[in-house]
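Asker:
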Amino acid sequence: MEKSTDDLSPPIVKPALCAEGYDPNPTTDQPPLFIPGDDFDNWKLRVGPFIAGASQSITSPMNLSFLREEASHLFHSARVLAFAPAPQIRTTLRKLSARTENVAILRERLIGRHQPLDETVVAYV
Numbered sequence: 001m002e003k004s005t006d007d008l009s010p011p012i013v014k015p016a017l018c019a020e021g022y023d024p025n026p027t028t029d030q031p032p033l034f035i036p037g038d039d040f041d042n043w044k045l046r047v048g049p050f051i052a053g054a055s056q057s058i059t060s061p062m063n064l065s066f067l068r069e070e071a072s073h074l075f076h077s078a079r080v081l082a083f084a085p086a087p088q089i090r091t092t093l094r095k096l097s098a099r100t101e102n103v104a105i106l107r108e109r110l111i112g113r114h115q116p117l118d119e120t121v122v123a124y125v
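Here the UniProt record's numbering is used: the first residue of the sequence shown is 1, the next is one more, and so on.
1. In terms of alpha-carbon separation, which member of Ala-104, Gly-37, Ala-52, Asn-63 lies closest to residue 134?
2. With a cut-off of 8 Å on the beta carbons, I'd call Ala-84 and Ser-60 a contact; round off their distance for me.
3. Report the CB separation of Arg-68 from Phe-40 in whole angstroms; it is logged as a contact under 8 Å.
4. Since Ser-60 is in the alpha helix (DSSP H), which residue starts that stretch and which ends it?
5. Val-121 to Ile-105, Cα distance in whole Å?
6. When DSSP labels each residue in this structure, what does residue 126 get in the three-state scheme?
7. Excluding sequence positions up to five away, which residues of its chain have a Cβ less than 7 Å from the Cβ of Val-80?
8. Give the C-beta separation of Leu-96 and Phe-75 to the nearest angstrom, bearing in mind that I take them to be a contact with Cβ-Cβ under 8 Å.
9. CB-CB under 7 Å to Pro-31, same chain, minus the five flanking residues each way: which ones, in chain order?
10. Among all the DSSP beta bridges, which residues are the ones paired with Phe-40?
11. When you compare only the Cα positions, how much space is there between Arg-113 and Asn-102?
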């Protein structure tokens, strides 16, 4: 049977039926950016769908793309490479989430300290 080219009207498209509560057009909003001091487990849960199915080689950089600038600076200061394994990056981010004090205040406190002669470097820091 040969297809007719005389009828140029748009084809009839029937809408798909979806289960109740299922959105066929899910939003792809970016999850909230990670800020030091945030609840890491909640952030990890919300970022999970965005990195699900990604190859191991890009999972780490994808995790880092969801960091706010302050978290990015702190992560960089931890001296962990951007292409480190994802578990290592998540461990570092979890440690960053435990910090609740401002880094500038911690730095001022360290600079203002005086090391006694009998105090070791480890105890001083």
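Note that the Cβ used here is the ideal one computed from N, Cα and C, for glycine as well.
Answerer: Well, looking at it:
1. This structure cannot speak to residue 134, because the chain is shown only from 1 to 125.
2. 6 Å
3. Their Cβ separation, rounded to whole angstroms, is 13 Å, which puts Arg-68 and Phe-40 out of contact at 8 Å.
4. 56-65
5. 20 Å
6. Outside the modelled stretch of the chain, which goes from 1 to 125, sits residue 126, for which no answer is possible.
7. Gln-88, Ile-89, Thr-92
8. 7 Å
9. Arg-46, Val-47, Phe-50, Phe-66
10. None, per the DSSP bridge assignment.
11. 17 Å
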